[in-house]
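Trainee: Okay, handing you the structure first.
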Amino acid sequence: MVADLIAGLVPTGVRTAEVFGDVADVSLFPEAETAIASALDARRREFATGRHCARAALSALGRAAVPLPPDEHGVPSWPDGVVGSLTHCDGYRGAAVASREDVMSLGIDAEPHYPLPQGVLEAVTIAPERPALAVLADSYWPTRRVRTASCR
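Using the working numbering, you'd call the opening residue of the sequence shown number 53 and step up by one each time.
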């Protein structure tokens, strides 16, 4: 598992884990298994690999693996005292977690490395951020399919 895409973008105290693709044979807790019992195989793999990343990030935070069943909105139920976020897109799964004492809320999102539709970059960034994003796009993600993993 590599942890370089998200790790450089999050504040101190946030622990991350990510994989490019899916992890085979991830065991799920019964509560999580129930949540995806009727899902298609691709969704099951995506879900399981996301939970795999969450477990690794929680472990790096010094916390035990827990079920993380989704709530009624599909959001993982993080353990008491932990904030976290999962993301997935074509070929990428990632998780970020932190102690609620260090970080009040946390959200990450990843999208495939495709050109953005006209006007989107201007809608989701401010002018001072754009030169840094251009440098990152040219130097950090020239061959990866995933372009962004951003905290918000």
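All C-beta atoms, glycine included, are put in the ideal place defined by N, C-alpha and C.
Which class does Thr177 belong to by DSSP, given the choice of helix, strand or coil?
Mentor: Of the three classes helix, strand and coil, the one that applies to Thr177 here is coil, per DSSP.
Trainee: Check Val135 in the structure and name its three-state DSSP category.
Mentor: Strand, per DSSP.
Trainee: If you check the beta carbons only, do Ala109 and Arg67 fall under 8 Å apart?
Mentor: Contact flag set, yes.
Trainee: Is the segment 84-100 in contact with the segment 111-124, if contact means three or more CB pairs nearer than 8 Å?
Mentor: Yes: the two stretches touch, three or more of their Cβ pairs being nearer than 8 Å.
Trainee: List the residues that DSSP assigns as beta-bridge partners of Thr68.
Mentor: Its beta-bridge partners are Ala148.
Trainee: Check the C-beta distance from Leu113 over to Ser151 and give it rounded, since I have them as a contact under 8 Å.
Mentor: Rounded, the Cβ-Cβ distance is 7 Å, consistent with contact.
Trainee: Check whether the Cβ atoms of Thr177 and Leu188 sit closer than 8 Å, and answer yes or no.
Mentor: No, the pair does not count as a contact, with Cβ atoms beyond the cut-off.
Trainee: Looking only at its own chain, which residues have a Cβ that is under 6 Å from the Cβ of Ala147, when we skip the five neighbours before and after it?
Mentor: Cβ within range, chain order: Ala69, Cys105, Ala106, Ala109, Leu138.
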